[in-house]
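Quick note, the sequences are listed as chains E and A, same order.
For what it's worth, the working numbering labels the leading residue of the first sequence as 1111, then goes sequentially.
For what it's worth, the working numbering labels the leading residue of the second sequence as 8, then goes sequentially.
C-beta: ideal position from N, C-alpha, C; glycine also.
One structure is given here, and the rest of the page talks about it.
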Amino acid sequence: MKQLSLLTARGISKRFGGVHALTNVDFTINHGEIYGLIGPNGAGKTSLFNVLTGIYACDGGTFNFDGEPLDGLKPNEVAARGIARTFQNIRLFQNLSALENVMIGRHVRTHAGVFGAIFRDQRTLAEEAAIEKRAYELLEYVGVGKHANAQARHLAYGDQRRLEIARALATEPKLLALDEPAAGMNATETQALKNLLEGIRRDGTTILLIEHDMKLVMSVCDRVLVLDYGKKIAEGPAAEVQKDPKVIAAYLGGEVSLNLKRA
Amino acid sequence: MSARHKKAIPARVWVGVALVALALAALPFVAGLAGQAWVRILNFAMLYVMLALGLNIVVGFAGLLDLGYIAFYAVGAYTYALLASPHLGIHLPFWVIVPLSAAIACLFGVLLGTPTLKLRGDYLAIVTLGFGEIIRIFLNNLNAPINVTNGPQGINMIDPFAIGGFSLAGTTTLLGVQISGPQKYYYLLLLITIAVIVINLRLQDSRLGRAWEAIREDEIAAKAMGINTRNVKLLAFAMGASFGGIAGAVFSATQQFVSPESFGLFESVIVLAMVVLGGMGNIPGVILGAVLLTLLPEVLRSTMEPLQRALFGRVWIDAETLRLLVFGIALVAIMLYRPAGLWPSAVRKRELEVASK
């Protein structure tokens, strides 16, 4: 039987010199969820992403992903296990085409080596064709299909964010970790992003979402984790968390009520 | 990318290919009219094409600056020299040693790559520079206590390439046509060079080639997308080194003499200049760079002294000095006016445009 929880974090801590970026953070993400991660600027959200994906080593605590610990894995090993991410400041391969970006995402699930590349045997040719086909499909899936041959750098901002999602999806993740995908998007683009996220979840991928756009978070996330100064201050269904006085205090200094109810 | 999905190739292309093939086949005889020295220069041009393409994998594709590349050329050359000369009394055939040279150079590539994986840019350049010198100094001094490399005297009387009784050294008369040693070697080199070019083109347009490009563009993103950057970078060093090793072995067989002198820092710099001037990451550009930088000094050498005599009645600056001077000026001019190289790859050109904004 499949476990209910996909990712369990226990006691995650990370320090940079004297700064406690993360202190003893616990949370659990269930299969098929869209799990929100929110908090004021500097709360430790991106640090948590970097620790989770192996870019930083954590100073304490463990992640258990899909039944196995992630301790000490390098970023590429984490990706191979099935966690793909996007970056807060888009990190596409800017000078390559949109298609090539997604094709590179297929790397971890394909096998051709030096000899395949040189001799181009049937298997390698078939694999290459499959990589290209899948890349086109993913570009269509996120809605940038018509820009397949454009340089990543020349895509509109929103399209770059979508392309980064397509590249991450190309690695066939079980958990897709998105770092502020709606940043810089207008209302229409954000709505389209929301539809995309719901589609990805429907197709079976669990999503971890860092986002500042509260309207998006509250409408799309099943549960939300709130960080402040590297500590967990609340976790639970979106509707409950937004009423939590500690959350309101963290965001607004505790004096004004948070007007999110209509979101 | 889409070049792989070829439709029927039009007859025009075939005619073009046939014409180029014919020109390449006739070239050593045309050059032979101006003297066998020019045929030797053509052969050197092809050796440099192989070297530059090998270095292009490391510098052009993966974006790792390597200033000691000539070390692998030396390793290949000495592998051949030791296994096919009276020095150790071993005489293995060419076709056995060339793959062996590639393998040993590859091993040295990994040896250099492993400790330098975490280094980038300037730091990597300094370490690789040191590595190149270490190899040369070893070759220079490994004549005692056991004489392995014969020290600064080098190894001579190396076996030429031969099949049965047919040797590529010396002149043969075939169907009434005299074919010199360098001319015969030209065809061997041409075959190997074409193979190296095809392999490079295929590597570039493959899963591995894309991984190299990804690392060059953004190493952190490449890692996050599941690319094992350590292995893929090592592979770039190993593949680049292998081509250096092949070129070295062929050099040994062509010259029938090797000494540490041939593998100095200046050679590394020249090969790097070929890659950078031609157009980093673009295979046709790198080939152009290698051919130009081999031919240009020789053309200057043969024209500058007669020119000075004609203009001033005497030689003011000797050809060797002037050659380097003009060479230097040409390099500076190209870097100023065509910083992405004479024939840049589309991607690299964009990178440089962004960087200069």
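Secondary structure of residue i, DSSP reduced to three states
i       : result
E/Q1198 : coil
A/T156  : coil
A/S249  : helix
E/R1120 : strand
E/A1085 : The requested residue 1085 of chain E is not part of the displayed model; chain E covers only 1111 to 1373.
E/K1341 : strand
A/T180  : strand
E/A1269 : The sequence as given places Asp at residue 1269 of chain E; Ala does not occur at that position. Reduced to three states, the DSSP call for E/D1269 is helix.
E/F1159 : helix
A/I206  : helix
A/A353  : helix
E/G1152 : coil
A/A2    : Outside the shown range of chain A, which is 8 to 364, sits residue 2 of chain A, and nothing can be said about it.
E/V1055 : The question about residue 1055 of chain E has no answer, for chain E in this structure spans 1111 to 1373.
E/S1329 : helix
E/D1181 : coil
E/N1174 : strand
A/P17   : coil
A/Q211  : helix
E/Q1374 : The structure shown has nothing for residue 1374 of chain E, since chain E only spans 1111 to 1373.
A/S309  : helix
E/P1347 : strand
A/I186  : strand
A/K191  : helix
Proximal residues of chain A, C-beta to C-beta of residue i below 8 Å
i       : result
E/H1217 : R214, R217, A218, A221, M232, G233, I234
E/Q1261 : R357
E/R1195 : A231
E/T1281 : M232, G233
Chain E residues whose Cβ lies nearer than 8 Å to that of residue i
i      : result
A/L210 : V1224, A1227, I1228
A/L242 : V1224
A/M246 : V1224
8 Å CB neighbourhood of residue i in its chain, flanking five on each side removed
i       : result
A/A59   : V278, M281, V282, G285, V293, I294, G296, A297
E/A1349 : M1328
A/I368  : For residue 368 of chain A there is no data in the structure shown, the boundaries of chain A being 8 and 364.
Neighbourhood of residue i by C-beta distance below 7 Å, restricted to the same chain and skipping five residues each side
i      : result
A/L126 : V134
A/A69  : W219, I222, R223, K240, A243
A/P159 : N147, S266, P267
Own chain partners of residue i with C-beta closer than 6 Å, once the 5 adjacent residues on each side are dropped
i       : result
A/C113  : A245, A248, S249
A/A84   : G255, F258, S259, V265
E/Y1267 : G1294
A/L210  : G216
E/C1331 : I1144, G1146, A1348
A/G61   : G247, F250, G251
A/G171  : none
A/A176  : P167, G188
Where residue i falls, given that 16 or more other Cβ within 10 Å makes a residue buried
i       : result
E/R1233 : exposed
A/A41   : exposed
E/T1298 : exposed
E/Q1204 : buried
E/D1269 : buried
E/K1124 : buried
A/R330  : buried
E/G1177 : exposed
A/Y192  : buried
A/Y80   : buried
A/T86   : buried
E/R1277 : buried
A/D325  : exposed
Under 7 Å from the C-beta of residue i: neighbouring residues of chain E
i      : result
A/M57  : Result: empty, since nearest Cβ-Cβ is about 15 Å, beyond 7 Å.
A/M287 : Near A/M287 there are no residues of chain E at all, since even the closest Cβ is about 13 Å away, more than 7 Å.
A/I111 : Within 7 Å Cβ-Cβ: nothing; A/I111 doesn't reach chain E, min ~17 Å.
Partners in chain A for residue i, counting only beta-carbon separations shorter than 7 Å
i       : result
E/A1190 : G233
E/P1185 : K230, A231
E/T1163 : A231
E/T1220 : R214
E/R1201 : D225, I227, A228
Contacts that residue i makes with chain A (C-beta to C-beta distance below 9 Å)
i       : result
E/R1277 : A228, M232
Interface partners of residue i on chain E, CB under 9 Å
i      : result
A/I199 : Per Cβ cutoff of 9 Å: no residues; A/I199 is ~15 Å from chain E at best.
A/I165 : Per Cβ cutoff of 9 Å: no residues; A/I165 is ~29 Å from chain E at best.
A/I206 : A1227, I1228
Quiz item: For the region 56–117 of chain A, which segments carrying the alpha helix (DSSP H) assignment without a break, of at least 4 residues, lie completely within its bounds, in sequence order?
Solution: 77–90
Self-check item: Every unbroken beta strand (DSSP E) within the region 224–289 of chain A, with a cutoff of 3 residues, ordered by chain
Solution: none
Quiz item: Hey, which unbroken runs of the beta strand (DSSP E) at 3 residues or more fall wholly within the region 1282–1320 of chain E?
Solution: 1285–1289, 1316–1320
Self-check item: Unbroken stretches of the beta strand (DSSP E), 3 residues or longer, contained in the region 1188–1255 of chain E
Solution: 1193–1195
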